[in-house]
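Peer 1: Here it is, the structure, as structure tokens.
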Amino acid sequence: MGNVVKFKKPAAAGKHRGNTLCRRGFHKWRVVDTPFDSRQGRLVNRYRCTRCGAEKTEAR
Ligand SMILES: [Zn+2]
Numbered sequence: 032m033g034n035v036v037k038f039k040k041p042a043a044a045g046k047h048r049g050n051t052l053c054r055r056g057f058h059k060w061r062v063v064d065t066p067f068d069s070r071q072g073r074l075v076n077r078y079r080c081t082r083c084g085a086e087k088t089e090a091r
């Protein structure tokens, strides 16, 4: 069992390419687990870019 080939991590390989997309405005949004924004007192969806870490919120 000593010949197990490790898989390369695709995240590291796609980092620069992803950031290029981010700079062009094509973020890879993912919903963050904070369904309630107490500041605005209403329900919102919060998104975070999985590549560059940018955040945005949208009322739903
Ligand atoms: Zn991004």
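Those letters in the sequence shown? Residues 32 to 91, per the numbering used here, in order. Glycine is no exception: its CB is placed at the ideal position from the N, C-alpha and C atoms.
(1) Rounded to whole angstroms, what's the CA-CA distance from Leu74 to Val62? Just pull it up for me.
(2) For Lys59, which residues of its own chain have a beta-carbon under 6 Å away from its beta-carbon, when the five flanking residues on both sides are left out?
(3) Would you identify the three-state DSSP class for Cys53, choosing helix, strand or coil?
(4) Within the present structure, is the beta-carbon of Arg61 separated from the nearest heavy atom of ligand 1 by less than 8 Å?
(5) Considering Asn76, what are the terminal residues of the beta strand (DSSP E) in which it resides?
Peer 2: According to the structure shown:
(1) Residue 74 sits at position 43 when you count from the first residue of the sequence shown. Residue 62 sits at position 31 when you count from the first residue of the sequence shown. If you take the alpha carbons of Leu74 and Val62, they lie about 13 Å apart.
(2) The residue given as residue 59 occupies position 28 in the sequence shown. The residues are Cys80, Thr81, Arg82.
(3) Here the question's residue 53 lines up with position 22 in the sequence shown. It is helical.
(4) Against the sequence shown, residue 61 aligns to sequence position 30. Result no, Cβ not under 8 Å from ligand 1.
(5) Residue numbering aside, residue 76 sits at position 45 when the sequence shown is read from its first letter. That run of the beta strand (DSSP E) goes 73-80.
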